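Using the working numbering, read the sequence shown as starting at 25 and increasing by one per residue.
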Amino acid sequence: VSGIFKKNVNYLHVRQNKMFKFSSPNAFFAEKKEVVEESFPGDIVGLHDTGNFKIGDTLTEGEIMNFKGIPSFSPEHFRYVNNADPMKAKQLAKGLDQLMDEGVAQLFTLELNGRKVIGTVGALQFEVIQYRLEHEYGAKCSYENLNVHKACWVSPDDPKNEEFAEFKRVKQRYLALDKQEQLVFLADSAFTMQLTQEKYPSVKLKFTSEF
25 VSGIFKKNVN
35 YLHVRQNKMF
45 KFSSPNAFFA
55 EKKEVVEESF
65 PGDIVGLHDT
75 GNFKIGDTLT
85 EGEIMNFKGI
95 PSFSPEHFRY
105 VNNADPMKAK
115 QLAKGLDQLM
125 DEGVAQLFTL
135 ELNGRKVIGT
145 VGALQFEVIQ
155 YRLEHEYGAK
165 CSYENLNVHK
175 ACWVSPDDPK
185 NEEFAEFKRV
195 KQRYLALDKQ
205 EQLVFLADSA
215 FTMQLTQEKY
225 PSVKLKFTSE
235 F
């Protein structure tokens, strides 16, 4: 909290440009949580979320205020995610979308065929995602291993030059979009990354992204 946060007062969700009112904001005291009337700078407040919020969102009293420079780091583990129940495609899509907004993992969509790839910091996160999808969203998924060394966000010096067009054409099978629809290069080895940078010097590959 920065300023005073009050129960049952309308606040602007800047990214969605919508007003929200919270009837039961919680403060945490050791193992207990209590509904609070007011919160002050430095307080941590728990809000019930039905899928409206993600990391970096801002609530204000009406001011348009956004935080920039929130980094997304390259995951260490990558797997294809498959829908194990075709009848629950919408539930799976919603679950993945909301879990990624929480920052549980990162989702990439391959440019070549539209397949979904989940990237995590630790291998255990795949089990957590699978469990939460089933028990919170009623969706089941399965995984396939994918050989990715590093996810690199693509930053061309000039998006309109021929070198970048050739890079996208030649490296299409390595390319994906993240949740912010930024282009990502999924390199299968450090050697591939090195060769790519040498051949396309105007196309910068970054290990972090800001959104």
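Virtual Cβ for every residue (Gly too), placed ideally from N, Cα, C. Since we're looking at a predicted model, the values are computed, not measured.
Assuming His101 contacts Thr144 under a Cβ cut-off of 8 angstroms, what Cβ separation, rounded to an integer in Å, is found between them?
Yes, His101 and Thr144 are in contact; Cβ-Cβ is about 5 angstroms, under 8 angstroms.
Endpoints, alpha helix (DSSP H) assigned at Leu123
It spans Ala113 to Glu126 - the alpha helix (DSSP H) in which Leu123 sits, taken as one unbroken run.
Can you give me the Cβ contacts of Ile79 inside the same chain, cut-off strictly under 8 angstroms, excluding the 5 residues immediately before and after it?
Listed in chain order, the non-local C-beta contacts of Ile79 below 8 angstroms within the same chain comprise Ile94, Asp125, Glu126 and Gly127, local neighbours out to five positions each way being set aside.
Arg193 and Leu134: beta carbons closer than 9 angstroms?
Cβ atoms of Arg193 and Leu134: not closer than 9 angstroms.
Go ahead and pull the three-state DSSP assignment for His173.
It is coil, neither helix nor strand.
Any idea if Ala214 is buried or exposed, counting beta-carbon neighbours within 10 angstroms, 16 or more meaning buried?
It is exposed - the Cβ of Ala214 has fewer than 16 other Cβ atoms within 10 Å.
Expressed to the nearest angstrom, what Euclidean distance is found between the alpha-carbon atoms of Asn50 and Met43?
The C-alpha of Asn50 lies about 19 angstroms from the C-alpha of Met43.
Mapping DSSP to helix, strand and coil, what is Phe188?
Of the three classes helix, strand and coil, the one that applies to Phe188 here is helix, per DSSP.
Same chain only: Cβ atoms within 7 angstroms of Ala108, ignoring 5 sequence neighbours per side
Result list for Ala108: Lys164, Cys165 and Ser166, in chain order.
For Leu148, three-class secondary structure by DSSP
In the structure shown, Leu148 adopts helical secondary structure according to DSSP, grouped into three states.
Span separating the alpha-carbon of Asp81 from that of Gln40:
Cα-Cα distance, rounded: 9 angstroms.
Would you report the Cα separation of Gly119 and Phe132, rounded to the nearest angstrom?
So the two alpha carbons sit approximately 15 angstroms from each other.
Inter-residue spacing [alpha-carbon to alpha-carbon] between Arg191 and Val152
Position check: residue 191 holds Phe in this sequence, whereas Arg was assumed. Approximately 36 angstroms, taken between the alpha carbons.
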